[in-house]
Ligand code: NAD
């Protein structure tokens with residue numbers, strides 16, 4: 102297979118080998134590439150590679166391979182043996198961290214300092230964390246003492262988005278394998294490369310064939326996968342619109358599902374907050390990964406008497422951000438992942454201005470090619486504005502004000518979503534009260550966008566259901582119903 106070598110900027114010493122074209126990873130081997138489509142570097146629109154659009158027959162083959170592995174070698178393994186594979190995968194991710202970081206930055210457009218310091222190490226941490234659970238599931242509190250042992254569902258279909266391709270893969274595959282399931286995973290169509298590199302890691306780790314299968318393709322592949330009759334459980338992360346379609350499609354079946362969907366988080370700053378610290382939290386909350394984060398602090402709710410001070414300091418801080426080459430370790434913001442996403446951001450910001458918001462961005466020169474959007478602050482936003490209600494999924498902060506804590510809670514909860522929220526105040530009692538009042542799956546206090554495999558993550562309302570991470574995340578991958586005569590494999594001990 103012809104390959105080309107991408108020599109990254111000198112500061113990232115890894116050399117990533119990208120194939121010209123990729124097949125699918127089914128039953129432990131790569132198929133011949135066919136029905137190809139391009140995956141591009143959003144920072145300069147160059148073609149990185151071509152990948153296969155998996156069709157319904159490929160989905161059949163991948164699900165059949167996962168079923169064979171579940172009914173065979175993998176299902177017969179003890180938890181301790183499964184754990185060894187997860188530890189091995191975690192260590193290989195660490196050893197190949199630079200390769201993954203550069204590849205992810207190329208395919209996604211996010212800055213190398215984020216893939217290097219967050220995406221890859223946290224992905225490895227998820228495998229380490231879940232490796233530790235593999236032989237301790239009966240002690241995870243998933244069943245009452247003396248009750249049936251937790252058992253895996255079987256074949257799990259996993260569909261993930263483009264904003265954290267490797268990290269979302271780790272959030273999905275690590276708990277599924279730790280609990281004894283087998284997996285067919287579909288990465289997003291614009292960011293398939295890290296999942297294909299992960300397939301090589303599975304080979305390197307000696308993972309039995311069929312335990313992990315990777316199918317590239319667009320929404321049609323995802324739909325065929327989640328609707329496949331031999332899939333036992335679905336784990337989906339993506340838009341609320343597609344999540345609802347999946348929920349409809351499995352109604353009346355025995356399939357289990359967890360849905361991690363969109364968000365419109367409030368980041369609430371009280372007048373007693375440590376303002377300089379809060380400014381850092383606001384910046385991290387909305388400009389991390391160019392704001393293409395489901396839990397991004399996209400609505401800043403600031404107490405009216407400190408509004409002008411906070412906005413002035415925020416603007417000064419934004420003038421120091423560097424937007425540019427994602428492979429440059431000094432870049433704070435990289436490229437937007439796709440032309441379609443850039444168009445969506447642009448359209449919503451224009452609507453915000455037309456509805457009365459004031460738009461501000463620091464002076465920055467954006468590259469001539471690729472998909473770029475400057476860090477943007479919209480002030481004077483009203484709750485009825487679309488930029489206050491819809492997920493923009495870009496580097497755009499909508500600023501609203503409040504006078505009292507009760508008003509802050511009412512405005513923060515005035516959204517169909519309920520994924521995350523932030524609170525900035527020096528009063529511990531207020532933090533606890535706010536955490537109790539806010540309808541959000543995650544509430545950060547005097548910090549934002551902290552991720553840890555031991556912490557459950559997930560939403561309320563239109564942000565979906567089910568949790569990932571922590572003991573709660575394990576629960577989604579096991580059944581605690583009594584064993585039936587046909588379910589003789591997959592004991593999680
Ligand atoms: P998307 O829903 O368009 O696509 C997500 C994945 O679903 C992709 O792999 C896509 O190919 C696939 N897909 C599309 N149509 C499908 C169908 N009918 N059946 C099955 N699969 C289908 O979302 P996106 O644009 O890739 O990602 C952005 C969205 O993801 C945002 O709304 C964001 O908030 C959300 N997200 C949520 C979380 C979370 O944990 N809650 C994390 C990251 C992203």
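Residue numbers (the working numbering): 102 to 594. The C-beta atom is built at its ideal place from N, Cα and C for all residues, glycine as well.
Residue 152 versus residue 439 - alpha carbon distance: 17 Å
Should the region 505 to 520 be regarded as contacting the region 184 to 200, the criterion being three or more beta carbon pairs within less than 8 Å? no
Extent of the continuous alpha helix (DSSP H) to which residue 529 belongs: 529 to 538
In its own chain, which residues sit with a C-beta less than 6 Å from the C-beta of residue 112, not counting the 5 before and 5 after it? Unreliable positioning characterises residue 112 in this predicted model, as indicated by a pLDDT of 46, which lies under 50. The coordinate reading is nonetheless provided below. These residues qualify, in order along the chain: 430.
9 Å Cβ cutoff met for residue 282 and residue 257: yes
When burial is assigned at 16 or more other CB atoms within 10 Å of the CB, is residue 454 buried or exposed? exposed
Compute the Euclidean distance between the alpha carbons of residue 399 and residue 499, then round it to the nearest angstrom. 6 Å
Pull up the distance between the alpha-carbon of residue 591 and that of residue 254, whole angstroms please. Residue placement at residue 591 is poorly supported in this model, since its pLDDT is 45, which falls under 50; the coordinates still yield a value, given next. Cα-Cα distance, rounded: 9 Å.
I need the straight-line Cα distance from residue 363 to residue 265, nearest angstrom please. 14 Å
If we require 4 or more residues per run, which alpha helix (DSSP H) segments fall completely within the region 151 to 188? 157 to 172, 174 to 177
Given a cut-off of 9 Å, decide if residue 296 and residue 129 are closer than it, judged by their beta-carbon atoms. no
Going by the beta-carbon positions, is the gap between residue 401 and residue 368 smaller than 9 Å? yes
I'd like to confirm something about residue 154: is its beta-carbon nearer than 8 Å to some heavy atom of ligand 1, or not? no
On a Cα-Cα basis, can you pick out the residue from 529, 512, 118 that is closest to residue 373? 529
What are the start and end residues of the alpha helix (DSSP H) that includes residue 349? 341 to 351
Helix, strand or coil for residue 261, going by three-state DSSP, please let me know. coil
CB-CB under 6 Å to residue 319, same chain, minus the five flanking residues each way: which ones, in chain order? 290
Using three-state DSSP, classify residue 429 as helix, strand or coil. coil
If you draw a straight line from the C-alpha of residue 324 to the C-alpha of residue 353, how long is it? 17 Å
Can you tell me where the alpha helix (DSSP H) holding residue 312 begins and where it ends? That residue, residue 312, is in no alpha helix (DSSP H); it is neither H nor E in DSSP.
With a threshold of 8 Å (Cβ to nearest heavy atom), would residue 516 be considered close to ligand 1? no
Going by DSSP, which residues form a beta bridge with residue 459? 480
Determine the closest residue to residue 405 out of 501, 442, 462, 419, with distance taken between C-alpha atoms. 501
For chain B, check one thing: does any of its Cβ atoms lie closer than 9 Å to the Cβ of residue 539? The chain inventory of the structure shown lacks chain B, comprising one protein chain alone.
Is any heavy atom of ligand 1 found at a distance shorter than 8 Å from the C-beta of residue 346? yes
Are at least three pairs of beta-carbons, each pair with one atom in the region 206 to 214 and one in the region 158 to 172, less than 8 Å apart? no
Closest to residue 570 by C-alpha separation, out of 200, 138, 135, 273, would be which residue? 273
Tell me the residue span of the beta strand (DSSP E) that contains residue 369. 367 to 370
Rounded Cβ spacing between residue 275 and residue 227 (contact assumed at less than 8 Å): 4 Å
Closest residue to residue 147 among 389, 116, 470, 511 (Cα-Cα distance): 470
Which residues in the same chain as residue 532 place their Cβ atom closer than 7 Å to its Cβ, once the five residues preceding and following it in sequence are excluded? 524, 526, 546
Could you spell out where the alpha helix (DSSP H) holding residue 273 opens and where it closes? 266 to 279
If you compare alpha carbons, which of 244, 131, 563, 572 is closest to residue 348? 563
Would residue 550 pass as a contact of residue 397 if the rule is Cβ separation under 9 Å? yes
Look up residue 544 in the DSSP assignment and give the residues it is bridged to. 522
Which of the three DSSP states, helix, strand or coil, is assigned to residue 128? coil
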